[in-house]
Each structure stands twice: as C-alpha cells, then as structure tokens.
Amino acid sequence: MEWKKLGRIFDPTQHALPNDCTQFAQSPQALVFNDFVRIYFSTRALDQYGKYLSHIAFVDMDKSFRDVLRVSDHTVIQLGALGCFDEHGIFPFSVLRHGNLVYGYTSGWNRRVSVSVDTAIGLAISSDGGMTFRRIGDGPVLASSLGEPCLVGDPFVKVIGDTFHMWYIFGTGWKRFTIDGPPDRIYKIGHAVSQDGINWRKEDGRQIVADRIGSDESQALPTVIGIDGRLQMFFCYRQSSNFRTNKERGYHIGHAWSDDLIDWTRDDSHMMLEGSPGEWDSDMQCYPHVFECEGKIYLLYNGNEFGRYGFGLAVLDT
Amino acid sequence: MFQWKKLGKVFTPQEVEGRYWLKEFAQAPATLVFDDFVRVYFSCRPQADNNGQYVSYSAYVDLERTNLFKIRRVSEQPILHLGGLGEFDEFGTYPVSVIRDGNEVRAYYAGWTRCESVPFNVAIGCAVSRDEGLFFTRIGLGPVLTYSPDEPFVLSGPKIRRFNGLWYLWYIAGRKWKIVSGRPEPVYKIRMATSNDGICWQKLNKDLIPDRLEEDEAQASPDVFYANGKYHMFYCYRYSSDYRGREKGYRIGYASSANLIDWVRDDDKAGISVSSEGWDAEMISYPHVFELDGRTYLAYLGNQVGKYGFGLAELQGTLE
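Take a look at the structure:
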C-alpha cells in the first residue's frame, strides 16, 4: 500500500473560524457531496480561564482538494450543557449518511480534578445536510463501563450489512510516569455493534489491535475502509508519556487488517506514510481518516503539534 | 396513612473511635439480616480535607437481632477501597445497597469523581463479597450503570432488589445542574433498570415518580418493598434550593405499584415526618424498609442528611 502525499490542504490560521476559534484543525473527517467534499474538523477557542474548548467547524473543498469553497461561519453543534459529558469540547467528530440524515458521533470532553479530563461518545443528528447537528440527548450513547473505566472516545462508525459498527478508543487507566508531572492516559482501540446506531453493545474492554511499541502504547482515532474485499484500519499510536515534543515517541500512523470484523492483524509496514523533513508533518502524523471519492481512496491526517496548523491529504497509489 | 412509632437514633458515628475514615455521617442505611444480628451498611466520611472537601467510605454496624439498639460491632475497615486515579469511584463510595446471591453478597454502590465545572459526577458500580459481606471487591474498574442520552450525569442512590427471578435496580439520575446562589446544585429523579444477571442492565428510561413540590424537585433513595400483594416505595424528596434547612429539606414520600413500572404517588400515606425537636427535627431522608421477626422497620436519616447517624421506626400494623 503506497500513499502519495498531496501536502497540506488546509491551514486554519489562514481562515476566519466560528466560535472565536483561532488555531487547530484536528481530526479531519469527510462527507462527500456531488460536487464538493465537506471536511469537518475540531478547532479551538480559549475560555475565560485560558483553557481550550474544542468546537466543530467544516471546510468545503472542491474535489481536486486544491480550492476552499467555504469555511463554516456558524455553530455546527453547540457544546454540552453544564455538567454534561461534552461541556468542554467535541473532538473528534465522525459523520456518516443515514437515509436523509447525517449522523454525527461526537467525542465529548469534560474536565476533571484529579486527572485532566474524561470523555464519552454522543450522537447528534443533522437534517440539513450536515450544516448543523442536534444531539439526541444530553448524555452519551457510549461511556465508561466495567471493562472500560475511562476515556471512551474517538468514534468511527460504519454500517456493514445492516449492522452499525463502531471502532473507538477506551482508556485502560491513568498513570504517573514522573514523580512531579501530571498523570498521563493510556488508551486502546475497541469495537461495538448496534442495530440502530443509538443502543450499542460493546466488546467491553477487548483491545482489538495489538500493541507494537509496548503495553504503554496509546492508540487513537481508528478509521476503517474496505479495499479489495478486505477491511483496512488506520489509526495513530504513540508512547503514553513524553510524546508531545519528542518525535520518536509521538504519533505515527498504524495499520491493521481484518477479514471477519473480529481478528485484526497489525501490519504497520503496509502503511508507509513518513513525515517529510522540514515540512508541516515532519515530526508527527496523527488522526487519520480514510474515505473514497471519485474512485480514489484518500487519507486525511494531521501533522505537527496535533494539527495546530491544519491537515493534509494523501492518495492511495494504485 | 401508615403509623410509624419512632424508636430513636440507633447509631452515632461520632461515638466510634479509632477509625480515621469514620468521623462523621452514617448515611443511607441498608440491611443484611443474619441469624443473630442485623448488619446495617452505611456511608461515612473522614474529616474534610484542607479545601473542605470530603471523600466517603462505606462500612457496617452489626446490631443484635433481639435488640436493635445494642451494637455488636462496627467494621474495622471500609468495606470497599476507593477507586484508582481517574476512575469513577476515586473520591467516594456512597451509598451502598446489598443483596445475597447464593454464597456471595453483592453490593451496588455509587462512585464519586470530582469535576471542574460542577463539584462531582456519580456512576453506579458493583462489587462482590465472598466473606458474608465483610469486604467487597469491585467486579470491574468501571461502572456497571453509566450515563446515557436521557441520563446524562449523577447516577446515584442504587437500591438492588430481586423480584420474580429478575434483578431490579432503582436509582436516581441527574436531570440538570441548577445554579442556586452562584453554585451548581443537581436535580435528580427516580429511575429504574432491569437485568437477568445483575451485570447487563436495561434502563426503563422513565421518571417513576411525578414531581409534587416543583419541576426541579430532587428525589432520592427509592426503597422498594413487597408486602400484601403490592410493591411499596419509600423515598425522599426536597426542594431544589435552600434545602439544607427545615422548611425545604428532605421529607419521606411514598408510592405504590402493582407492576413495578407504574407508580401512584401518595406522600400523605408515608406516615412519618420530622419531629418537633431532636435529631430528626429538621429533615428526614434515605428511608430503608426491612422486615425482621414479624415486624416491619424503617431506617432513616435525620438532620444534616445523616451527619449524626441514623435511627429506626417500627410500623404499627401492616403495609397495604
């Protein structure tokens, strides 16, 4: 599997963004229309305490991915109410068409005291073609459970046959890697199924993709696509400590495949997406999203600093 | 109206010595009956930390079966460890509800975590004891009942029961956080879930008890008891603001049901309220009904939601 890099296609610092957001265009996810592609992303504002709030915005691009047609200038989805799971941000945001509706699965963030955050997965529905979304309830559709104690997030949903499948991440716990530093989290990729996209049955704690760099590997944002009859999953992974500035320990794109939706074989050697020295993705590649458009398979992803300066695109070389 | 004879306060946590984690509060009494004693689980607190914040533990006191005012022993240790860093029950295990299951005793408990924008969040965990309820081990690191679209936060106050071969969990679910005098206060309602195994739960997703005081009435401690052909629920309820005093504080309410799903609220029938003076003169809350040797008892909390312990009342007549 060879990916041809097309470079960075969106830099959030070059556009006006809604909700007073200024930087970051994280976890790009595509919704393909007849004559353009809408790419949702999470961008950030600062609240009154100087802490980040992640908001959803989108950019519509032509199908060459060279021209920006519009950037959303409105609130795509409100953040959650006081005390709700998504009060302090939505990141990432995974969309799929379902009949005339667009389902948006949210990874909602809420701040904690002993650790920085917890997350859960919500569902919001759009009946205006993905312009705006309304949540189905104040609470999440997937949250922590007996085998998944914290940090349920990063949903990716795909309907296969008549079953909804969700790949997502769950925290296995928090750990202090240094005596005086804040605790860091460790998370793995899991799987749940549903008949209606609302009521989900988890595998509850089964890590479906093997670690490659040790048990402290954190895995994030799975994305799944069928290529030549085989399911291919891309995700990003990193060490769970000292990963923000040490590029050897930071995010890279990983890969696994499956023929039965149960067993996944990890094979990062089939990924071959390297950072380009001196470029926007030189030190980090993360938050992949794979989609099909006009017969080609594309990979959206973020580069350095977790997408502070936008996202880029690669196309599968066939 | 039921007639309850108040027997007085049974247990005062301030009288217990040598346990740093049991300084005050004995909340949400729940009983497990043994041959010659009654074990009453309750939740308690060490002194508040430097920031005035509490953690809560759960423990038990064993009362003589033939004289419930005679204390046989108090647990040497909490019955449950607090959860680990970042887990749902890191800062408290309160309240607890227990049930026998074969040779085991199962505890369902509310686990507390601390949040930034609101003071806390709560989810319901499950733990198992294989030593007759002396110590419980969590069956997983996460909760057994957690947040969902219609129950966004504060799942607390579990009461576990088995009727007709099915497991029932009554609990409360937060509806909203209401800002009262600049401070977020949770509004919660009584809810129910059912299960074949006590592990995998189906929520009914329905408020069981209609509001009476106001839309933001808070309801807690849904304690269900079967007697004389129907199900009886005692619970407590209060106003959403200024509820720490007598006027708007907790009172005990009552509802009945033939099918466990549809409930008729009739608070006047509860038959127990605050006293004119003494340990339960400001509020009464967290009712728990149990039967012992042909008598029906109600354990409940008094002033300051059990800061100074719990007491007992005895039913005169029958529940019907």
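One line per chain: the protein sequences are A and B, in this order. First residue of the first sequence? That's 1 in our numbering, and the numbers climb one at a time after it. First residue of the second sequence? That's 319 in our numbering, and the numbers climb one at a time after it. C-beta atoms are modelled at their ideal positions from N, C-alpha and C, and glycine is treated no differently.
{"Item": "Whole alpha helix (DSSP H) elements within the region 80 to 130 of chain A, 4-residue minimum", "Value": "none"}
{"Item": "Under 9 Å by beta carbon: chain A residues contacting S435/B", "Value": "L82, G83, E87, H88, N110, R111"}
{"Item": "A210/A burial status per 10 Å Cβ neighbour count (16 or more: buried)", "Value": "exposed"}
{"Item": "Endpoints, the alpha helix (DSSP H) within which Q622/B is located", "Value": "621 to 624"}
{"Item": "As assigned by DSSP and simplified to three states, the class of A588/B", "Value": "helix"}
{"Item": "Three-way DSSP call (helix, strand, coil) for S269/A in this model", "Value": "helix"}
{"Item": "G443/B - partner residues in DSSP beta bridges", "Value": "Y427/B"}
{"Item": "Nearest residue (CA-CA) to K341/B, options F355/B, Y372/B, A545/B", "Value": "Y372/B"}
{"Item": "Residue closest to V290/A, alpha-carbon to alpha-carbon, out of L31/A, G214/A, H98/A", "Value": "L31/A"}
{"Item": "Exposure of H74/A, with buried meaning 16 or more beta-carbon neighbours within 10 Å", "Value": "exposed"}
{"Item": "Whole runs of the beta strand (DSSP E) within the region 197 to 253 of chain A, excluding any shorter than 3 residues", "Value": "200 to 202, 217 to 227, 230 to 239"}
{"Item": "Any chain A beta carbon closer than 7 Å to G404/B", "Value": "yes"}
{"Item": "Y549/B and L578/B closer than 7 Å at C-beta", "Value": "yes"}
{"Item": "For N546/B, three-class secondary structure by DSSP", "Value": "coil"}
{"Item": "Closer than 7 Å to chain A by CB, F438/B", "Value": "no"}
{"Item": "Cβ neighbours of V76/A in the same chain (closer than 7 Å, five flanking residues each side left out)", "Value": "I56, A57, F58, T132, F133"}
{"Item": "Contact with chain E by D580/B, beta-carbon distance below 7 Å", "Value": "Here chain E cannot be found, since the structure's protein chains are A and B."}
{"Item": "The region 150 to 163 of chain A in contact with the region 94 to 107 of chain A per 3-pair CB rule at 8 Å", "Value": "yes"}
{"Item": "Where the beta strand (DSSP E) through F471/B begins and ends", "Value": "471 to 481"}
{"Item": "Start-end ranges of the beta strand (DSSP E) lying completely within the region 336 to 411 of chain B, minimum 3 residues", "Value": "342 to 351, 355 to 363, 375 to 382, 385 to 392"}
{"Item": "Identity of the residues DSSP links to V68/A by a beta bridge", "Value": "M61/A"}
{"Item": "Inter-residue Cα distance where the pair is W519/B and W485/B", "Value": "9 Å"}
{"Item": "Chain-order list of residues whose beta-carbon lies under 8 Å from that of A511/B (same chain, five-residue window excluded)", "Value": "L463, Y486, L487, Y489, W519, Q520, K521, L522"}
{"Item": "Chain-ordered neighbours of S499/B on chain A, where CB pairs are closer than 8 Å", "Value": "Those within 8 Å of S499/B in chain A number zero; the least Cβ separation is about 15 Å."}
{"Item": "C-alpha distance - R583/B paired with S474/B, whole-angstrom precision", "Value": "21 Å"}
{"Item": "Proximity winner among T330/B, F406/B, A617/B, L398/B, relative to F552/B (alpha-carbon distances)", "Value": "A617/B"}
{"Item": "Residues that N302/A bridges to, as DSSP identifies them", "Value": "C286/A, F311/A"}
{"Item": "Straight-line Cα distance separating E294/A from D419/B", "Value": "59 Å"}
{"Item": "Span separating the alpha-carbon of G323/A from that of D283/A", "Value": "Given that chain A is displayed from residue 1 to residue 318, the structure contains no residue 323/A and the question cannot be resolved."}
{"Item": "Cross-chain neighbours of R383/B in chain A, by beta carbon under 8 Å", "Value": "Per Cβ cutoff of 8 Å: no residues; R383/B is ~35 Å from chain A at best."}
{"Item": "Unbroken beta strand (DSSP E) run spanning G596/B, endpoints", "Value": "That residue, G596/B, is in no beta strand (DSSP E); it is neither H nor E in DSSP."}
{"Item": "Cβ neighbour criterion (16 or more within 10 Å) applied to A120/A", "Value": "buried"}
{"Item": "P331/B in three-state terms, based on DSSP", "Value": "helix"}
{"Item": "Contact set between the region 133 to 152 of chain A and chain B, restricted to residues whose Cβ is under 7 Å from the partner", "Value": "I136, G137, D138, G139, P140, V141, A143, S144, S145, L146, G147, E148, P149, C150"}
{"Item": "Assigned secondary structure, Q48/A (DSSP; H/G/I helix, E/B strand, else coil)", "Value": "coil"}
{"Item": "Helix, strand or coil at Q195/A according to DSSP, with G and I counted as helix", "Value": "coil"}
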